[in-house]
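Visitor: One structure, as structure tokens, below. Some questions next.
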Amino acid sequence: MKPSVLNYYVPGSSVPKGYTMDYRCIWNILSCKKNKLMCLKKLIIFLCSVSSVGYAQKATLSDRSAPLSIFLRSASDVDVPVKWEMKKVTEVKENEMKVSSVNYNSTNWMPASVPGTVLNSLVNNKIYPDPYFGDNNRKERNLIPDLNDVGVEFYHYWFRTQFTIPKKFAGKRLWLKFHGINYRCEIWMNGQKLGDMAGMFNSQQFDVTRLANTQGKNTLAVKVKPVDVPGSSNNSKKSRPGAVGENFNGGDGEIGRNVSMLMSVGWDFTSPDGIRDRNTGIWKDVELFATGDVLLEHPFVITKLPLPDTSSCRASVKVEVYNAAGSLRSGVLSCNIKEEGINIEKKVVLKAGERKMVSLTPEEFSSLNISRPKLWWPLNKGKQELYTLDMKFTIAGRISSNSTSRFGVREISTDQQTPDQSRRFLVNGYPVFIRGSNWVPEAMLRNDEKRTYAELRYTRQAGINFLRLWGGGIAESDYFYRLCDEMGIMVWSEFWITGDTRFPVDTSLYFRNMASTVKRIRNHASSAYYVSANESTEIKGARELIYALDPTKGYQVQSECCGIHDGSPYKYENPMQYFENTASKRGSRVDGFNPEYGTPILPILSSLKDLMPQKDLWPINTAVWNYMDGGGFHQMTTKYREAVEQFGKASSIEDFARKAQFVGAMNYRALWEVWNYNKFGYGDRFAAGLLFWYHNSPLPQTSSRFYDWFLEPTAGLYYSQNALAPLHPQFDYIKNTVSVYNDYRQSFKGYQLVAMVYNIKSELISKLEQIIDIPSDGLVKDVLKISIPDNISQVHFIKLMLRDNHGKQVSDAFYWRSKDIYKGAWTMTGPAVSGFQDLHQIKQTQLLLKTTQKTDANKVIVTATVHNIGNSLSFFTQFRLVDGQGRSIRPAFYTDNFFSLLPYEQKVVKIEIPAYVLNHGVFKIVVDSFNAPAITVKMPG
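In the numbering used here, the protein residues as written are 46 to 986.
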């Protein structure tokens, strides 16, 4: 058996298809007579590839409910896929019993995507064009009917599949679990109704033991109905609760009457007029799993530290135990935390159909008093230590149910003990400066494990330590939280209410969905904070329900209260206004805790070409570009375009796209650096943190983010990575000063800060040096003041370097600046934004590229060394990966990109490429810069 550590494998979950705990395999290995040493090696490999529950399966969006489990997916590389079909309910004449029978003739049904939505399947079947291309989705074009116009029945569909029960499930109790549907459904199997479901964020499982045919085919048929109130994407302009200047999103607000993905009706950061079917469908996994009569569900570990002391902790374990049998069952609940050598047992007796919460406490079991625990910390504050909790329930010595989960020993708390009463977050009693972002979901729920991994890997690379799941989106996947646990990213969860939309009508349904979600996410180390609503208020009873289910975290009623002020700016603004703190007309926003503060960036050229027809790309078709910018909300064709033209009027889309990255890079870094400067009062004001608005592109758009919808990074990713480096020297465009930021929980003494100024000819004009001591988790303010000579070139450059007390460089930063005078807020003036037309005067240079490559089953890693061999700096040096047809390869993980190289300077960049995007094909590495021609190296696949 060949071991496999996949790119998307999360330790402690399950591993790739084909791995099962088969004792015959062990016996065969031990029985090997020819080469005992080789046999022993095989045994070690086998045992290392198996998790503590005896399984290892490839990571999945939804956690498996039992070791014996398969997902019924239409396309899958984790289990054998099954064929799903769909048909409009009004076109099916037979009744539910016949539709769900094994012998039903479905030859005129169309293929369906599960997990997926009705509209995704219709697009896949070429019934409608792809809404994501150009302005195909524009409501006025009438290419795709809108749910609110055509009525609920238009997108009311049957989904149907057939499957067999795996032999290893024999003799077990069988369950079908629906991890998520939208919005209401009837579930039928083998001619009988299993039950109903409602609400987008509710999971439910059904005992199918008596219905299942263990010797042949089984038929599952699900009748899925859209949201009760689809709402119109047309804004009613009626006043609704919310922040000042809001009420222009969410259409007429009626979508909020459902417990669903509110942004599906339209918002200014996504499709402005919504997703046509409101994402109707089986959007999460359908799972078949097997257990004994007693199930273990929702394990939850609560750890308590005697803060400020962290040398010990008290752990309590809770788990729901359910007896599905028609008679009494008694057995033993076992708990193992292998990292601490904890093994405890408790006898449990359950009546027929009884569900109870069983608690294991340190008062009852002294081993749950843990000495010197390994703590979980967010990014840059320490390691992300995780413990493995194995639980099982045995009846008469036989395992009925077992469960493996992971948890962290940590306490996340919040308070307002700050100079301005703003909210701050503390981990293990230690204040953490929040450099976070607002996560929004994929607009049509076209998500999978690969996409989730890529997005979160980019997120960690950027230096983000906190994500807010915005209230108009969704409750994210189990895999999302598992990765956040491992990457040190804290998560704020909101519960599907916004100030732009009405309140859910069925509060009982809302609370069932809330309870289901809290139980699913509460055990994750990354789960940090609960908030009922975005810019609105709670439904009475929410606080009590959340604290009853999870008393370990903070809660507030809405996103803009309790020490968190309202957000902005959202659009492209002059970066000089970040430094001046005038970028929002709502007043000062670089202070306290800001939940929404952001800026856009244009996608790079390869993505732009995939966004829309060539005829709309260049010359810029303002109507199409604006539609793909939330109706023009982020000012991509106005203010952003004006900023691009400060580098000279673009002659082509290629020229425009390259210069657009200069603009976005400047804004992304400047935004973060201003907040760095004011961290916890080290600068001019007190700031506790910000959440960038918004983090990820929900669909292809001209107003991109750190990376675009195609998973192609923009310069915004790498300039955020630079600004959010744990040790970072940074330049202030208003003061012309240099400060040094530290995000580590330790101080550094005797570090050297160097600042060098170069003119357009790459000549060194001035150099400043200073030895500094850097405080723990703080800032050295205005260490250097750079004097810019009057006779320097109109465009010039600043290079900052930070070296440790042994002279080794630990970080650097490169800035471009003009001599233009800043004339105040709301002008397109100043050394960070205007007067860069002379950049074209920079001399051409040449690059030299050397590469090496390492390949395994899951990825290719290229080490690329680029050397500027000319006597002029190489401005905005960019690596690209293309396949044999010249198409961009994405995702790919570059350690750096869009950087500048001084004359004769070189840089080593590592590029990790997932094997699935290469598919064993030949690829090319291309590197060029604004003033250096491209070099291409052909690489084997």
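Virtual Cβ for every residue (Gly too), placed ideally from N, Cα, C.
Quick one: is the Cβ of residue 747 within less than 7 Å of any heavy atom of the ligand NAP?
Guide: This structure does not include the ligand NAP; it has no bound ligands of any sort.
Visitor: What number of angstroms, rounded off, separates the C-alpha of residue 849 from the C-alpha of residue 772?
Guide: Taking the first residue of the sequence shown as 1, we reach residue 849 at position 804. Taking the first residue of the sequence shown as 1, we reach residue 772 at position 727. If I take the Cα positions, the gap works out to 11 Å.
Visitor: For the beta strand (DSSP E) containing residue 655, name the first residue and the last one.
Guide: Here the question's residue 655 lines up with position 610 in the sequence shown. Looking at the DSSP string, residue 655 is not in any beta strand (DSSP E); the run it does join, the alpha helix (DSSP H), is 650-656.
Visitor: Can you list the beta strand (DSSP E) stretches of 3 or more residues lying completely in the region 649-737, in chain order?
Guide: Complete beta strand (DSSP E) runs here, min 3: 732-737.
Visitor: Name the residue from 158, 254 and 306 whose alpha carbon lies nearest to the alpha carbon of residue 514.
Guide: Mapped onto the sequence shown, residue 514 falls at position 469. If we check each option's Cα against that of residue 514, 306 comes out closest.
Visitor: Give me the Cβ distance between residue 858 and residue 797, rounded to the nearest whole Å; I'm assuming they're in contact under 8 Å.
Guide: Here residue 858 corresponds to residue number 813 of the sequence shown, with the count starting at 1. Here residue 797 corresponds to residue number 752 of the sequence shown, with the count starting at 1. Contact doesn't hold; Cβ gap of about 15 Å is too wide.
Visitor: Restricting to Cα atoms, I'd like to know which of 536, 887 and 560 is closest to residue 457.
Guide: Residue numbering aside, residue 457 sits at position 412 when the sequence shown is read from its first letter. Closest by alpha carbon: 536.
Visitor: Under three-state DSSP, which class holds residue 886?
Guide: Your numbering for residue 886 matches position 841 in the sequence shown. If DSSP states are grouped into helix, strand and coil, residue 886 belongs with the helices.
Visitor: Within 10 angstroms of its Cβ, does residue 871 collect 16 or more other Cβ (buried), or is it exposed?
Guide: The residue you call residue 871 lines up with position 826 of the sequence shown. The residue in question, residue 871, is exposed, as its Cβ has fewer than 16 Cβ neighbours within 10 Å.
Visitor: Consult DSSP for residue 506 and reduce its assignment to one of helix, strand or coil.
Guide: Taking the sequence shown and counting its residues from 1, the one referred to as residue 506 is at position 461. Three-state DSSP puts residue 506 in a helix.
Visitor: Do you know how far the Cα of residue 466 is from the Cα of residue 631?
Guide: Your numbering for residue 631 matches position 586 in the sequence shown. Your numbering for residue 466 matches position 421 in the sequence shown. Going from the Cα of residue 631 to the Cα of residue 466 covers about 19 Å.
Visitor: How should residue 1054 be labelled, buried or exposed, when 16 other C-beta atoms within 10 angstroms of its C-beta is the threshold for buried?
Guide: This structure leaves residue 1054 out entirely; the chain is present only between 46 and 986.
Visitor: Residues in the same chain with beta-carbon distance under 6 Å from residue 916, minus the five sequence neighbours each way, listed in chain order, please.
Guide: Along the sequence shown, read from residue 1 onward, the residue named residue 916 stands at position 871. Taken in chain order, the residues that qualify are 948.
Visitor: Which of the three DSSP states is assigned to residue 90 in this structure?
Guide: Numbered from its first residue, the sequence shown carries residue 90 at position 45. Residue placement at residue 90 is poorly supported in this model, since its pLDDT is 37, which falls under 50; the coordinates still yield a value, given next. In this structure, residue 90 counts as helix in the three-state DSSP scheme.
Visitor: With DSSP as the reference, please indicate the residues paired to residue 993 in a beta bridge.
Guide: Because the chain here runs from 46 to 986, residue 993 falls outside it and cannot be looked at.
Visitor: Please tell me whether residue 567 and residue 594 are closer than 8 Å, where the distance is taken between their beta carbons.
Guide: Numbered from 1 along the sequence shown, position 522 holds the residue referred to as residue 567. Numbered from 1 along the sequence shown, position 549 holds the residue referred to as residue 594. The answer is yes: Cβ separation under 8 Å.
Visitor: Using a 10 Å radius around the Cβ and a threshold of 16 neighbouring Cβ atoms, would you call residue 72 buried or exposed?
Guide: In the sequence shown, the residue the question calls residue 72 occupies position 27. Because residue 72 carries a pLDDT of 36, less than 50, the predicted location of this residue cannot be relied on, and the following value inherits that uncertainty. Residue 72 comes out exposed.
Visitor: Which first and last residues belong to the alpha helix (DSSP H) in which residue 557 is found?
Guide: As a working note, residue 557 is residue 512 in the sequence shown. From DSSP, the alpha helix (DSSP H) with residue 557 extends over 552-566.
Visitor: Under three-state DSSP, which class holds residue 621?
Guide: Counted from its first residue, the sequence shown places residue 621 at position 576. Residue 621: helix per DSSP, three-state reduction.
Visitor: Using a 10 Å radius around the Cβ and a threshold of 16 neighbouring Cβ atoms, would you call residue 750 buried or exposed?
Guide: One-based indexing of the sequence shown puts residue 750 at position 705. Answer is buried; the Cβ neighbour count reaches 16.
Visitor: Please work out which residues of its chain come closer than 8 Å, Cβ to Cβ, to residue 552, disregarding the five sequence neighbours upstream and downstream, and give them in chain order.
Guide: What you label residue 552 is simply residue 507 of the sequence shown in a count that begins at 1. The answer, listed in chain order, is 584 and 586.
Visitor: If you draw a straight line from the C-alpha of residue 920 to the C-alpha of residue 841, how long is it?
Guide: The residue given as residue 920 occupies position 875 in the sequence shown. The residue given as residue 841 occupies position 796 in the sequence shown. Straight-line Cα distance between these residues: approximately 11 Å.
Visitor: By DSSP, does residue 573 sit in helix, in strand, or in coil?
Guide: One-based indexing of the sequence shown puts residue 573 at position 528. Strand, per DSSP.
Visitor: Count the C-beta pairs between the region 878-889 and the region 719-738 that are closer than 8 Å, then say yes if the count reaches three, no if not.
Guide: Cβ pair count under 8 Å is below three, so no.
Visitor: With respect to the alpha helix (DSSP H) encompassing residue 766, which residues constitute its N-terminal and C-terminal limits?
Guide: Taking the first residue of the sequence shown as position 1, residue 766 is located at position 721. That run of the alpha helix (DSSP H) goes 760-768.
Visitor: Given 8 Å as the limit, is there contact between the region 724-733 and the region 472-486, that is, 3 or more CB pairs closer than that?
Guide: The region 724-733, when compared against the region 472-486, does touch it at the 8 Å Cβ threshold.
Visitor: Would you mind sorting residue 424 into buried or exposed? The rule is 16 or more other CB atoms within 10 Å of its CB.
Guide: Locating residue 424 in the sequence shown gives position 379, counting from the first residue. Looking at its Cβ environment, which holds 16 or more other Cβ atoms inside 10 Å, residue 424 is buried.
Visitor: So, is residue 866 buried or exposed, given that buried needs 16 or more other C-beta atoms within 10 angstroms?
Guide: The residue labelled residue 866 in the question sits at position 821 within the sequence shown. Residue 866 is exposed by the Cβ-count criterion.
Visitor: Is the beta carbon of residue 309 less than 8 Å from the beta carbon of residue 319?
Guide: Looking up residue 309 in the sequence shown gives position 264. Looking up residue 319 in the sequence shown gives position 274. It is a contact, given that the beta carbons lie within the stated cut-off.
Visitor: With distance defined between alpha-carbon atoms, name the residue in 673, 713 and 675 nearest to residue 623.
Guide: Counting from one through the sequence shown, the residue named residue 623 turns up at place 578. Of the candidates 673, 713 and 675, the one whose C-alpha sits nearest the C-alpha of residue 623 is 713.
Visitor: Rounding to the nearest angstrom, what Cα-Cα distance links residue 386 and residue 453 in this structure?
Guide: On the sequence shown, position 341 is the one that residue 386 refers to. On the sequence shown, position 408 is the one that residue 453 refers to. Spanning the two alpha carbons is a distance of roughly 16 Å.
Visitor: At the level of alpha carbons, what is the spacing between residue 602 and residue 371?
Guide: Residue 602 sits at position 557 when you count from the first residue of the sequence shown. Residue 371 sits at position 326 when you count from the first residue of the sequence shown. Between residue 602 and residue 371, the C-alpha separation is close to 42 Å.
Visitor: If we count the other Cβ atoms within 10 Å of its Cβ and call it buried at 16 or more, is residue 974 buried or exposed?
Guide: Numbered from its first residue, the sequence shown carries residue 974 at position 929. With 16 or more Cβ atoms within 10 Å of its Cβ, residue 974 is classed as buried.
Visitor: List, from N- to C-terminal side, the alpha helix (DSSP H) runs of 4 residues or more that fit wholly inside the region 178-237.
Guide: Those alpha helix (DSSP H) runs which fall completely within the region 178-237 and span 4+ residues are 192-195.
Visitor: Kindly list the residues whose CB is nearer than 6 Å to the CB of residue 231, restricted to its own chain and excluding five residues on each side of it in sequence; keep chain order.
Guide: As a working mapping, residue 231 is identified with position 186 in the sequence shown. So the list reads 241 and 268, once near-sequence residues are dropped.
Visitor: Pull up the distance between the alpha-carbon of residue 165 and that of residue 158, whole angstroms please.
Guide: Numbered from 1 along the sequence shown, position 120 holds the residue referred to as residue 165. Numbered from 1 along the sequence shown, position 113 holds the residue referred to as residue 158. If I take the Cα positions, the gap works out to 7 Å.
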